[in-house]
Ligand code: SIN
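Residue numbers (the numbering used here): 1454 to 1965.
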């Protein structure tokens, strides 16, 4: 296969055109960088779809210490306290930085930021833009800023396939575009590739988000952390197709309640009810559905008549199904929404592979622990993008070795979705996780289109099997207890493959 070689001058390469990737590129300017994006900038990344905004302690009644306390409580003992504190203290500065890039945040009559409430926050601290269109507005401003900077070379329509690594150091990246295989020489690469929703049938993410950054890092032997922690959003719009439309937690923050087909408010007995941490609400909805009920969001009284003005995108999604939130109940069910686990990184975003950084959802900084507090992820992406850029700018390029070309077909997650959705949902158990690992192993070991998605699903399944407790978003009815000490779970692809090979074969059912 002929491979076109690019980037002979070894500019840093950023993989991913969402908020994290764009900001790393902007912060590096005027240093020349390459920004690789599979889709045209402003499309394809889950950032564009974000309804919730950025959590930051900006209110007169608020303080980063309170934001930290809420984050640690939601994270259920697994957050890295020092890292969380550092990120959340930097959060107000991140809002100011986006403001300077021209993001038009929602403001009250006197020009003060409007602060929204979302689940498990003890204060109003969510900064939104364009009502429920925060991600779209932030992306609009950042894409414009990137396009205006000549030192940032944007390469669109190119899909990352493999990292080249020698002696645990990055040498470049292979990608595919419509003309064929490309190799970008690079001794410094930042992964900002987003999440894993496309591995599940029910997700609120773009279906192209199939954990490709995790696969790239894992095949480069990077350490990944806390992969078992997958967040399900309790209120995806039932019947809205695939991916599912999200009904933002901000709607519950404005007073909407959850009811079943009998009108019963089944969360009433739970502390904070609809505004309990996301894992708690998702589990309650999941259990109620499993009992045969239907579940609805009731926004008729609150936010009531103000709904369409406050949440225009959600009103439009409901309207497509003939639902008027002011008059009708909104049918909902949980859907995969965010991945707390990711490439293990240090405070500067460095992975265990020299020359490889990760930023945004693909990274595990330790902020989210076992359950991400709503709207902390955009904040994390904005804050950490600066630190990644600063660290990368202070890291000189090093000589690159020639790399042998690799075979790897375009990934197709279709064969893995059933196993992943069934075994790695809101509830997990030994039998389901083992079955998933066994079925994913041969796909992960083969060099076929399903290999990378299967490798990611397999690593999550093995991490979930190993965590024999229930914590945050990882709930195991077969291990319902909570260990006294929370331990981060590190994993590599080699270790996951070995663990899956060691699983006892599935029992053969004897015919009667
Ligand atoms: C939402 O608006 O409910 C989602 C916000 C988030 O996931 O942080």
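All residues carry an ideal CB built from backbone N, CA and C; glycine is no exception.
message: Any heavy atom of the ligand SIN inside 8 Å of the beta-carbon of residue 1662?
response: No.
- request: Hey, could you find the ends of the beta strand (DSSP E) residue 1468 is sitting in?
  value: 1466-1468
- prompt: Would you call the stretch 1619-1638 and the stretch 1458-1469 in contact, with 3 or more CB pairs under 8 Å?
  reply: The stretch 1619-1638 makes contact with the stretch 1458-1469; the number of CB pairs closer than 8 Å reaches 3 or more.
- request: In the DSSP assignment, find the unbroken beta strand (DSSP E) run with residue 1751 in it and report its ends.
  value: 1748-1751
query: residue 1596 and residue 1735 look like a contact to me (Cβ under 8 Å); what is the Cβ gap, rounded to whole Å?
result: With 8 Å as the limit, residue 1596 and residue 1735 do not qualify as a contact, their Cβ atoms being about 32 Å apart.
field: CA-to-CA distance, residue 1866 to residue 1626, given in whole angstroms
entry: 21 Å
message: Any contact between the stretch 1762-1780 and the stretch 1670-1685? By contact I mean 3 or more CB pairs, one from each, below 8 Å.
response: These segments do not touch.
Beta-carbon contacts of residue 1578 that lie in its chain and below 7 Å, excluding the five residues immediately before and after: The answer, listed in chain order, is 1508, 1509, 1510, 1511, 1512, 1515, 1520 and 1568.
task: For residue 1456, count neighbouring C-beta atoms within 10 Å of its own C-beta (all shown protein chains included) and say buried if the count is 16 or more, exposed if not.
output: exposed
- request: Express the C-alpha separation of residue 1917 and residue 1729 in angstroms, rounding to a whole number.
  value: 24 Å
message: Can you determine whether any heavy atom of the ligand SIN sits closer than 8 Å to the C-beta of residue 1701, and answer yes or no?
response: yes
- prompt: Quick one, are the C-beta atoms of residue 1948 and residue 1887 less than 9 Å apart?
  reply: no
query: Any idea what DSSP makes of residue 1877, helix, strand or coil?
result: coil
- prompt: What did DSSP end up calling residue 1719 once you bin it into helix, strand or coil?
  reply: coil
field: Whole-angstrom distance between residue 1900 and residue 1860, CA atom to CA atom
entry: 8 Å
message: Does the beta-carbon of residue 1551, which I'm using as the reference point, lie nearer than 8 Å to any heavy atom of the ligand SIN?
response: No, the Cβ of residue 1551 stays beyond 8 Å of every heavy atom of the ligand SIN.
query: Does the beta-carbon distance from residue 1600 to residue 1607 come in below 9 Å?
result: yes
query: On the three-state DSSP scale, how would you describe residue 1471?
result: When secondary structure is reduced to three states using DSSP, residue 1471 falls in the coil class, being assigned neither helix nor strand.
Close beta carbons around residue 1889, own chain, < 6 Å, minus the five adjacent residues each side: 1872, 1876 and 1914
message: Going by DSSP in three states, residue 1653 sits in which element: helix, strand or coil?
response: coil
query: Considering only residues of the stretch 1766-1808, which uninterrupted alpha helix (DSSP H) runs meet the minimum length of 4 residues and lie entirely inside it, listed in chain order?
result: Listed in chain order, there is nothing to give.
task: Starting from the N-terminal side, write out each stretch of the alpha helix (DSSP H) that is 4 residues or longer and does not extend beyond the stretch 1485-1555.
output: 1517-1527 and 1534-1553
query: What's the gap between the Cα of residue 1953 and the Cα of residue 1904?
result: 15 Å
query: Taking the alpha carbon of residue 1933 as the point to measure from, which residue in 1530, 1923, 1546 and 1476 has its own alpha carbon closest?
result: 1923
Unbroken alpha helix (DSSP H) run spanning residue 1669, endpoints: 1665-1672
query: Does the ligand SIN have a heavy atom nearer than 8 Å to the CB of residue 1571?
result: yes
field: Residues near residue 1946 by beta carbon distance below 7 Å, same chain, minus five either side
entry: 1671, 1672, 1908 and 1912
message: Does the structure place the stretch 1751-1758 close enough to the stretch 1772-1783 that three or more beta carbon pairs sit under 8 Å?
response: yes
Beta-bridge pairing of residue 1630 - partner residues as DSSP gives them: 1633
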